[in-house]
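Going from the sequence shown to my numbering is simple: count from 1 and add 29. The structure appears below as structure tokens.
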Amino acid sequence: MAVRLGDEAPNFTAESTEGTINLYDYLGDGWGVLFSHPKDFTPVCTTELGRVAALKPEFDKRNVKVIGLSVDPLDSHKNWAGDIAETQGQELNFPLIADSDRKVADLYDMIHPNANDTLTVRSVFIIGPDKKVKLIITYPASTGRNFDEVLRVIDSLQLTAKHSVATPVDWKQGDDVIIVPAVSDEDAKKKFPKGWKALKPYLRITPQPDK
Ligand code: BEZ
Numbered sequence: 030m031a032v033r034l035g036d037e038a039p040n041f042t043a044e045s046t047e048g049t050i051n052l053y054d055y056l057g058d059g060w061g062v063l064f065s066h067p068k069d070f071t072p073v074c075t076t077e078l079g080r081v082a083a084l085k086p087e088f089d090k091r092n093v094k095v096i097g098l099s100v101d102p103l104d105s106h107k108n109w110a111g112d113i114a115e116t117q118g119q120e121l122n123f124p125l126i127a128d129s130d131r132k133v134a135d136l137y138d139m140i141h142p143n144a145n146d147t148l149t150v151r152s153v154f155i156i157g158p159d160k161k162v163k164l165i166i167t168y169p170a171s172t173g174r175n176f177d178e179v180l181r182v183i184d185s186l187q188l189t190a191k192h193s194v195a196t197p198v199d200w201k202q203g204d205d206v207i208i209v210p211a212v213s214d215e216d217a218k219k220k221f222p223k224g225w226k227a228l229k230p231y232l233r234i235t236p237q238p239d240k
């Protein structure tokens, strides 16, 4: 069955470029991004993995561990890492799971047979410290993902986990946020001392609380 938002992220133990990984042990109390790519030694995937490696400090800052995956074997991942370093100027600095038996791909429904019946699509799962799935995105093989967007979503998720707010369209760090409708005006006065602007009773805009 497909994994959906709010589900417990299926745990697994798998071989990776950084040794055997148990997902839950590896994530500990932090956040995780598990993402699949279709195939080693392919152009779009090479650029994606280089970009994720370059963004590692940004993921670290947010207490997020990143894990890549494809159904290619470990020796392929290790050989490809050289090409990533050479062409993208970035050493692979996070684990890449070698899911040759498709165990993890099947658990997370990363193979979409009507797109390709053997390769994983470009899936992204963001997993919270409670091991629940917080975000799922799926891209086709021909479109490289935007990992700045993944970071933006993590910022939103981490903010909304702490405060009773939601983030509006195109929100980014430092922008105003929305007070969720479940919070009454009376409670909002206590929670949001900077005040808010009510464009409608259900649309209350307040400065980002932790800024
Ligand atoms: C790529 O990464 O460029 C790619 C991988 C699989 C199919 C098509 C493109």
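Backbone N, C-alpha and C fix where the C-beta goes; we use that ideal spot for every residue, glycine too.
Could you tell me whether the segment 122-132 touches the segment 40-47, where touching means 3 or more Cβ pairs closer than 8 angstroms?
yes
May I have the straight-line CA-CA distance separating Asp205 from Lys160, to the nearest angstrom?
28 angstroms
Please confirm whether any heavy atom of the ligand BEZ lies closer than 7 angstroms to the CB of Lys68.
yes
Identify which residue in Arg131, Arg91, Gln117 and Asp216 has its Cα closest to the Cα of Pro158.
Arg91
Cutting at 8 angstroms between CB atoms, please list the residues of its own chain near Asp36, excluding the five before and the five after it.
Lys161 and Val162
Keeping to the same chain, check which residues put their C-beta closer than 7 angstroms to that of Lys201; ignore five residues upstream and five downstream.
Arg181
Note the first and the last residue of the continuous beta strand (DSSP E) segment covering Val212.
Val212 -> no beta strand (DSSP E), and no H or E assigned at all.
Within a Cβ cutoff of 6 angstroms, which residues of the same chain sit near Gly118, ignoring the five residues on either side of it in sequence?
none
Is it the case that the CB of Ala217 approaches a heavy atom of the ligand BEZ more closely than 7 angstroms?
no
Where Phe70 falls, given that 16 or more other Cβ within 10 Å makes a residue buried
exposed
Under the three-state DSSP convention, the category Arg181 falls into:
helix
Apart from the five residues on each side of it in sequence, which residues of its chain come closer than 8 angstroms, Cβ to Cβ, to Arg174?
Phe64, Glu77, Arg151, Val153, Ile166 and Tyr168
Go to Thr49, then tell me how far its alpha helix (DSSP H) extends in each direction, as first and last residue.
No alpha helix (DSSP H) contains Thr49, which is instead part of the beta strand (DSSP E) from Gly48 to Asn51.
Give the C-beta separation of Leu136 and Pro39 to the nearest angstrom, bearing in mind that I take them to be a contact with Cβ-Cβ under 8 angstroms.
4 angstroms
Output yes or no for whether 8 angstroms exceeds the beta carbon distance between Val62 and Val209.
no
Report the rounded CA-to-CA distance for Ser129 versus Leu52, giving the unit in angstroms.
17 angstroms
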